[in-house]
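FYI, the numbering for the sequence shown is 4 to 341, going by this note's numbering.
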Amino acid sequence: WNLEALNSIFQKKLKDANLTTSIRWVKKDTLGRVLEVFGDHTSSFLFGMQATPIQLGLLDKHLLESDFDFSLTCFALKNWDRLFTILCLLLISGCCIATLYHSIKTEKRAGIYREQFTHTLVHDLKTPVQVIKKDEYLLRRYLPESIEGRTLKLVDTMKEDLEVLSQKIDTLLTTMITADGFKINVKVFELNVLLEKLIQLHRKIASTNKEIIYHLIPSPDVNFIRADPNHLYEALSNLLENAEKYSGEQVKITIEYRKIKSGIQISVKDNGWGINEENKRYIFEKNYRINEGNGVKGFGLGLYYVEMVVHAHKGKMDVQSEIGKGSDFIITLPQKWK
Ligand code: ADP
Numbered sequence: 004w005n006l007e008a009l010n011s012i013f014q015k016k017l018k019d020a021n022l023t024t025s026i027r028w029v030k031k032d033t034l035g036r037v038l039e040v041f042g043d044h045t046s047s048f049l050f051g052m053q054a055t056p057i058q059l060g061l062l063d064k065h066l067l068e069s070d071f072d073f074s075l076t077c078f079a080l081k082n083w084d085r086l087f088t089i090l091c092l093l094l095i096s097g098c099c100i101a102t103l104y105h106s107i108k109t110e111k112r113a114g115i116y117r118e119q120f121t122h123t124l125v126h127d128l129k130t131p132v133q134v135i136k137k138d139e140y141l142l143r144r145y146l147p148e149s150i151e152g153r154t155l156k157l158v159d160t161m162k163e164d165l166e167v168l169s170q171k172i173d174t175l176l177t178t179m180i181t182a183d184g185f186k187i188n189v190k191v192f193e194l195n196v197l198l199e200k201l202i203q204l205h206r207k208i209a210s211t212n213k214e215i216i217y218h219l220i221p222s223p224d225v226n227f228i229r230a231d232p233n234h235l236y237e238a239l240s241n242l243l244e245n246a247e248k249y250s251g252e253q254v255k256i257t258i259e260y261r262k263i264k265s266g267i268q269i270s271v272k273d274n275g276w277g278i279n280e281e282n283k284r285y286i287f288e289k290n291y292r293i294n295e296g297n298g299v300k301g302f303g304l305g306l307y308y309v310e311m312v313v314h315a316h317k318g319k320m321d322v323q324s325e326i327g328k329g330s331d332f333i334i335t336l337p338q339k340w341k
């Protein structure tokens with residue numbers, strides 16, 4: 004026999020099994036010297052294989068080596084059941100990953116909608132409640148002295164209910180501050196437009212038994228700001244509300260903003276009662292109130308919320324205050340200047 008005869012027998016066997024591959028046969032002696040070669044096959048890098056050398060005969064102990072390309076068809080035919088299982092598993096895993104990805108995306112979108120909805124809700128509820136509070140005050144003032152009994156009781160109940168509603172709205176706002184942090188939706192917008200809108204609202208809802216002057220000092224260097232407009236609006240609204248609440252009959256509130264190296268500073272300054280050094284350290288804590296607000300209604304959540312908003316923007320919150328002179332709450336929001 005020779006290598007050519009061996010090759011033709013082997014190729015016939017392959018043909019019977021519906022397979023084709025070219026083989027290079029090599030016969031070597033015991034010292035590894037090539038004695039005979041048949042076939043011009045050169046193995047490819049990817050599928051090239053070498054069979055374990057076979058010892059030929061008993062006396063001369065020649066070795067037969069063979070190089071061939073691994074046949075994918077052969078592999079597929081032999082392992083079709085395993086391949087099918089792997090394919091099914093891959094398909095199922097793919098479906099699971101796609102479903103998971105889809106539900107995460109939906110959940111994220113739902114979270115954003117939920118937050119926007121709460122914002123709109125808080126904002127839309129807060130304004131009418133404050134307007135009704137003001138109306139309640141006027142109603143009580145213009146009621147004839149002689150009024151008593153059922154009518155007076157109705158006005159009192161209205162006031163109590165309004166307080167409860169106010170508390171619920173504030174709680175709603177603070178529930179937005181979740182344990183895993185505060186999510187903000189940063190946009191670029193005109194700061195002056197937001198502040199004008201804010202002052203306009205406060206002029207509408209401000210207490211009627213006080214004379215309040217709002218003074219906005221615009222900055223020629225700042226037009227646009229990068230921040231969450233809803234949260235910033237709500238935070239500044241809290242500062243304005245406090246400036247109105249914790250002050251005398253003649254209130255002067257100055258809102259000023261300026262460009263600094265690290266960002267934009269917004270300050271809300273009042274000529275109110277002021278805060279002493281000791282209390283300055285605690286006013287941003289949840290539910291902290293100085294002497295229970297000295298008779299002024301509140302829940303100690305306003306400044307806590309303001310600080311959370313500033314913190315979420317990676318900003319800084321400062322307060323300068325002197326008893327009897329007033330307070331200045333300064334928010335610094337980092338901005339990237341080109
Ligand atoms: P609330 O107003 O509901 O009490 P805040 O968290 O807004 O809650 O304020 C905490 C406390 O800080 C208030 O009870 C008040 O005593 C004090 N405070 C806040 N703002 C001012 C201010 N502009 N002037 C004086 N005191 C203030």
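Here a beta-carbon is modelled for each residue, glycine too, at the ideal position from N, C-alpha and C.
As the structure is a computational prediction, the values presented were derived from the model and not from experiment.
Alpha-carbon spacing of residue i relative to residue j, whole angstroms
{"i": "serine 169", "j": "asparagine 241", "result": "13 Å"}
{"i": "histidine 205", "j": "leucine 141", "result": "17 Å"}
{"i": "valine 322", "j": "tyrosine 116", "result": "34 Å"}
{"i": "lysine 108", "j": "isoleucine 100", "result": "12 Å"}
{"i": "proline 221", "j": "glutamate 151", "result": "49 Å"}
{"i": "glutamate 163", "j": "leucine 124", "result": "21 Å"}
{"i": "glutamate 193", "j": "lysine 264", "result": "19 Å"}
{"i": "lysine 16", "j": "threonine 102", "result": "48 Å"}
{"i": "isoleucine 12", "j": "lysine 31", "result": "20 Å"}
{"i": "isoleucine 1", "j": "lysine 111", "result": "Nothing about residue 1 can be reported from this structure: the residues present for the chain run from 4 to 341 only."}
{"i": "glutamine 338", "j": "phenylalanine 227", "result": "10 Å"}
{"i": "lysine 289", "j": "alanine 315", "result": "16 Å"}
{"i": "valine 134", "j": "glutamine 268", "result": "30 Å"}
{"i": "asparagine 5", "j": "isoleucine 57", "result": "15 Å"}
{"i": "leucine 155", "j": "glutamate 166", "result": "17 Å"}
{"i": "arginine 313", "j": "lysine 328", "result": "It should be noted that the sequence gives valine, not arginine, for residue 313. So the alpha carbons of these two residues sit roughly 25 Å apart."}
{"i": "glycine 42", "j": "aspartate 19", "result": "20 Å"}
{"i": "valine 40", "j": "aspartate 72", "result": "17 Å"}
{"i": "glutamine 203", "j": "leucine 157", "result": "31 Å"}
Per-residue burial, residue i [other beta carbons within 10 Å of its own, 16 or more giving buried]
{"i": "asparagine 245", "result": "buried"}
{"i": "glutamate 281", "result": "exposed"}
{"i": "alanine 182", "result": "The predicted model places alanine 182 with a pLDDT of 43, which falls under 50 and marks its position as unreliable; any figure quoted below should be read in that light. Answer is exposed; the Cβ neighbour count stays below 16."}
{"i": "asparagine 212", "result": "exposed"}
{"i": "threonine 335", "result": "buried"}
{"i": "isoleucine 278", "result": "buried"}
{"i": "histidine 234", "result": "buried"}
{"i": "glutamate 310", "result": "buried"}
{"i": "isoleucine 215", "result": "buried"}
{"i": "tyrosine 308", "result": "buried"}
{"i": "isoleucine 326", "result": "exposed"}
{"i": "glycine 114", "result": "exposed"}
{"i": "aspartate 63", "result": "exposed"}
{"i": "aspartate 84", "result": "exposed"}
Backbone secondary structure at residue i - three-state DSSP
{"i": "proline 131", "result": "helix"}
{"i": "isoleucine 89", "result": "helix"}
{"i": "aspartate 183", "result": "Here aspartate 183 scores only 49 on pLDDT, less than 50, and its place in the model is too uncertain to base an answer on."}
{"i": "phenylalanine 13", "result": "helix"}
{"i": "glutamate 252", "result": "coil"}
{"i": "tyrosine 291", "result": "coil"}
{"i": "threonine 335", "result": "strand"}
{"i": "serine 169", "result": "helix"}
{"i": "tryptophan 83", "result": "helix"}
{"i": "histidine 218", "result": "strand"}
{"i": "serine 69", "result": "strand"}
{"i": "isoleucine 115", "result": "helix"}
{"i": "glycine 305", "result": "helix"}
{"i": "glutamate 151", "result": "coil"}
{"i": "serine 25", "result": "coil"}
{"i": "arginine 143", "result": "helix"}
{"i": "valine 394", "result": "Given that the chain is displayed from residue 4 to residue 341, the structure contains no residue 394 and the question cannot be resolved."}
{"i": "lysine 162", "result": "helix"}
{"i": "leucine 157", "result": "helix"}
Nearest neighbour of residue i, chosen from the options [CA to CA]
{"i": "valine 225", "options": "Lys262, Gly97, Pro232 and Ile215", "result": "Lys262"}
{"i": "glycine 251", "options": "Lys156, Ser330, Cys77 and Glu288", "result": "Ser330"}
{"i": "serine 210", "options": "Glu118, Lys137, Glu68 and Gln14", "result": "Lys137"}
{"i": "asparagine 346", "options": "Pro232, Gln203 and Tyr249", "result": "Look at the range of the chain in this structure, 4 to 341, and you will see that residue 346 is not part of it."}
{"i": "leucine 75", "options": "Thr24, Lys190 and Asp173", "result": "Thr24"}
{"i": "arginine 229", "options": "Ile258, Leu197 and Val254", "result": "Leu197"}
{"i": "threonine 178", "options": "Thr121, Leu34 and Ile333", "result": "Thr121"}
{"i": "threonine 33", "options": "Phe41, Glu7 and Leu66", "result": "Leu66"}
Contact with chain B by residue i, beta-carbon distance below 7 Å
{"i": "isoleucine 269", "result": "Annotation note: the requested chain B is absent from the structure, which comprises a single protein chain."}
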